[in-house]
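Asks: My questions all concern the structure below.
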Amino acid sequence: MKLSLVVPCYNEQDNVELFYEECVKAFENVGYDYEFVFVNDGSRDKTEEKLKKLYNEKTESNITVVSFSRNFGKESAIFAGIKNSTGDYVSLIDADLQQRPEVVIEMIDILDSEPEYDCVAAYQAKRKESGIMTGFKSGFYKMINALSEVELHADASDFRTFTRTVADAILEMGEYHRFSKGIFSWIGFNTKYIPYEVQERNAGETKWGFRKLVKYALEGITAFSTKPLRLAIYLGSFLAFAAIAYLVVIIIQRLFFDASFSGYATIVALILLLGGMQLFCIGLIGSYLAKTYIQSKNRPIYVAKEILKR
Ligand code: UDP
Ligand code: MG
């Protein structure tokens, strides 16, 4: 049995060596083979040198280093890592030591002893984030679960271990806009969720600012649901009915009650409302169209400039 550790790295110069050491320590007595598949996602710091150094010096370990030609994002890095892995089990783990390698051993034990599971995913028992962030995240999961056909576990991270069959299924998903959580859920299989305690980041800083998270959330919704597209139909029909009803009221008032109207404010308000809704719906359609457009170009999910492999 062999395990592949897929490690996306973006500006992790101060973490990769320690990460390697910690893994070697943790896996010392496990009794199975393991390999590292580091993906350098176009880092701007010394991550690439550090990874090459590991590759050249730690010849006793099985190390693969995939270097991207630029930053393609964690989702692409995960894809490349899985693609270049050869293990019977594949683990996705971050380079910043927020996720302990010991948990991977726990995951493997579960996959071995409970064959009904194909995948073990870790979720954060306690979130170490601000209350606002937690609120936004739980709101997002409620929304995406209501909108899309995939069911997402609110606290589950990308930190997970799965069998080769699952890995192949993930690679089959050739979409350019990759929303991992949706992909994991869409492919099915039996997933066991285990709690884990997220550690403080060892060095460097998180790449997920608020704006990036909002973008990621929108990405997730439009990648796995087409329901928002139907919003225009619902909104439009609701407004049309409202308009007809209002018209009837006006006609009745005019004919039977001799009311006079000065409609300036109402008209301006209505124009703004309708214009706003139309723009909103056009924008929505546009965001789907943009995805189709990019996908139709059939661009690769990543471009590797170098793959070091023994
Ligand atoms: N990462 C990556 N490409 C990116 C952003 C992040 O490969 O564009 C990697 C990063 O090096 C780390 C993992 O993804 O190993 C998780 O990133 P981070 O620690 O910033 O996220 P957080 O743990 O704060 O959610
Ligand atoms: Mg992290």
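Heads up: the sequence shown begins at 0 in numbering that gives the first Met the number 0, then just goes up one per residue.
Just so it is clear, CB atoms sit at the ideal spot from N, CA and C, and this is done for glycine as well.
Spell out whether any CB of chain B is found under 7 Å from the CB atom of Pro114.
Replies: Considering every chain present, this structure includes no chain B. It has just one protein chain.
Asks: On the CB-based measure, 16 or more other CB atoms within 10 Å of its CB, does Tyr301 come out buried or exposed?
Replies: Its Cβ being crowded by 16 or more others within 10 Å, Tyr301 is buried.
Asks: Is the number of C-beta pairs between the segment 140-160 and the segment 180-191 that are closer than 8 Å three or more?
Replies: Yes: at least three Cβ pairs fall under 8 Å.
Asks: Have a look at Arg159 and Val103 and give me their C-alpha separation to the nearest angstrom.
Replies: Cα to Cα, the separation comes out at about 8 Å.
Asks: In chain order, which beta strand (DSSP E) runs of at least 3 residues are fully inside the segment 32-90?
Replies: The qualifying runs are 32-39, 61-67.
Asks: Taking the alpha-carbon positions, what's the Val5 to Lys226 distance?
Replies: Each residue's Cα considered, the two are about 34 Å apart.
Asks: Give me, in chain order, the residues of the same chain whose beta-carbon lies closer than 8 Å to that of Ser68; leave out the 5 immediate sequence neighbours on both sides.
Replies: If we look at Ser68 and ignore the five residues flanking it on each side, its Cβ neighbours are Gly41, Val302, Ala303, Lys304.
Asks: With a threshold of 6 Å on Cβ separation, who are the neighbours of Phe26 within its own chain once the five nearest residues in sequence on each side are excluded?
Replies: Here the set comprises Tyr33.
Asks: Reducing DSSP to helix, strand and coil, say where Tyr263 ends up.
Replies: Helix, per DSSP.
Asks: Is it buried or exposed, Ile143, if we count other Cβ atoms within 10 angstroms and call 16 or more buried?
Replies: Buried, since its Cβ has 16 or more Cβ neighbours within 10 Å.
Asks: With a cut-off of 8 Å, do at least 3 Cβ pairs link the segment 128-141 to the segment 90-110?
Replies: Segments in contact, no.
Asks: Compute the Euclidean distance between the alpha carbons of Leu17 and Tyr292, then round it to the nearest angstrom.
Replies: Rounded to whole angstroms, Leu17 to Tyr292 spans 42 Å at the Cα level.
Asks: Would you list the residues sitting across from Arg159 in a DSSP beta bridge?
Replies: Looking at the DSSP assignment, Arg159 forms a beta bridge with Leu91, Ala120.
Asks: Taking 6 Å as the cut-off, does the CB of Asp13 come closer than this to any heavy atom belonging to ligand 2?
Replies: Answer for Asp13: no, Cβ out of range of ligand 2.
Asks: Beta-carbon separation of Asn83 and Val36 under 7 Å?
Replies: In contact: Asn83 and Val36 (Cβ atoms closer than 7 Å).
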